[in-house]
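Okay, structure first, notes after.
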Amino acid sequence: FPIPELLTLASVVFLYDESFTIYGGNIASTMAGEFSFSISLSLAVLGFGLLIRAFNEHRGKMLTALIVALSALSHGIVLLFVFGGVVLLATVWFERRSTITATTILITAVSLSSFWVLPFLTGHAYMTDMKYEPRPSGASDSFWSMYFPLATFWDIVITGFAIIAFFNFIKARNRTGMWMGIYCVVLVFGVYFGRESLPVIGLLWNPRLLPFLYLLRYFLMVIGVYQSAVWLVAFYRLQQLGRKALQQQSVEEIKPVESISDNPKFNLAWVTVFTVLVVSIIGFRFQEMPFGKLTTNAAGETIYRWGFISTKATNDGFVDGWARWNFTGYEGKSAYAEYRAVVETMKTNVGHICMTCQKWKHPKRREQNRRD
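Numbering (my numbering), first residue to last: -1 to 370.
Next up, the structure:
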């Protein structure tokens, strides 16, 4: 506590990220049809957690292998992420026992998923090429906009705190944090070098690797924010300690400064504050804040106002509308009556319709119908 809870909040931010709509993992991509990607990514994150537990506690290897295999079977792109992540975790741990554990899990996971994975990797010659252009494409596109797709302010905040967390993890020799940072760098290179194709894997639309980079960066960002808060509070308390020591000319009665990160009250307060902050930002983005309202300013523009904070009404997020459209179903659409009439007609007159189609397909009958 509170790292797992903070990572959950980072996942929520990732889900509501609207900077991409088809790459996979977030709500927009899921509503666009990437359901299996979201399922696979969830299993991949669970698999990484189980693998780290297996390294530390030396148990649960078969369960980990099963989850990794299910993730690989759910989506071919996440397959690269989950297997690559297992290999990198074993490399970062760099212990004989952890290497044996990772090898056992990999062999078992590959064996469980090989009935689909092997044909997928070896049968590219028989697959349909979607003809997606690798990014960047066009004069207005760039790797910079791919790696940093948000507004400049948010890109600086997210990446800045992620870098802080990464260097703190290196200093503390925290292998899980080091793995996340190193994997971000690997994914950056993967997007760059995956423009044409990958060895063995073959064709790959390189932006499909970006969701993994975004997710890990969000993870590092929330930890970086937390670490910065811990450092600021510790600095403030040390300043107070110094002032008391100067005033009393003695340190015998001064209590030592406790570890801030081990203080349950501080951690609970920080998780609460950060939860309110994340919910408020997302709520304001989707214009769903309590007491928020649409008003018209002096220039005649419609704006969304919440207290003293305001933004243009056109800045409303769109994934809530996408979700509403998907889950209202056919019955909730304005043209449902027409659609149902077509289905009912096909249901009752399918034989007549098929016979008519066959007559029109026959050249002599088609020519006779034209003359008639």
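Every residue, glycine too, gets a C-beta built ideally from N, C-alpha and C.
Below 8 Å on the Cβ atoms is my guess for T19 versus A26; work out the distance and round it to an integer in Å. 4 Å
Through-space distance from F12 to M29, alpha-carbon basis: 15 Å
Looking at C-beta atoms only, is the number of pairs between the region 94 to 110 and the region 48 to 66 that lie closer than 8 Å three or more? yes
Pick out the complete beta strand (DSSP E) segments inside the region 276 to 355, 3 residues or longer, and give them in chain order. 291 to 294, 300 to 304 and 307 to 310
For Y212, collect the residues of the same chain with a Cβ closer than 7 Å to its Cβ; drop the 5 residues on either side in sequence, then sort them by chain order. F12 and D15
Measure the Cβ-Cβ separation of F33 and G22 and say whether it is below 7 Å. no
L202 (DSSP reduced to helix, strand or coil): coil
Are V66 and G45 closer than 7 Å when you measure CB to CB? yes
Out of curiosity, what's the CA-to-CA distance linking N367 and R338? Its pLDDT being 45, under 50, N367 is placed unreliably in this model, and the value from its coordinates should be taken loosely. If you take the alpha carbons of N367 and R338, they lie about 30 Å apart.
Short of 8 Å in beta carbon distance, which residues of its chain neighbour P0, apart from the five on each side in sequence? Order them along the chain. Y224, N265, L266, W268 and V269
How many angstroms separate the CA atom of G188 from the CA atom of V220? 24 Å
Three-way DSSP call (helix, strand, coil) for G179 in this model: helix
Assigned exposure category for G142 - 16 Cβ within 10 Å defines buried: Note on identity: in this sequence residue 142 is Trp, with Gly being the wrong assignment. Classification of W142: exposed, given that the 10 Å Cβ count is below 16.
What did DSSP end up calling L148 once you bin it into helix, strand or coil? coil
Would you decide whether R95 is buried or exposed? Buried here means 16 or more other CB atoms lie within 10 Å of its CB. exposed
Could you tell me whether the Cβ atoms of L208 and S17 are closer together than 7 Å? no
When DSSP labels each residue in this structure, what does A170 get in the three-state scheme? helix
For V84, the nearest candidate out of G47, S109, H73 and V115 (CA to CA): G47
From T126 to F284, what does the alpha carbon distance come to, in whole angstroms? 38 Å
C-beta neighbour in chain C for E131, strict 7 Å: Among the protein chains of the structure shown there is no chain C, as only one such chain exists.
What residue range does the alpha helix (DSSP H) around E3 cover? I1 to L13
Rounded separation between F306 and V10 - CA only: 26 Å
I need the DSSP call for E131, collapsed to helix, strand or coil. coil
When the Cα atoms are used, what is the spatial distance from L218 to Y334? 46 Å
Using C-beta distances below 8 Å, list every residue in its chain close to M60, excluding the 5 sequence neighbours before and after it, in chain order. T106
Alpha carbon to alpha carbon, what distance is there between Y302 and K291? 6 Å
Should M178 go down as buried or exposed, given a rule of 16 or more other Cβ atoms within 10 Å for buried? buried
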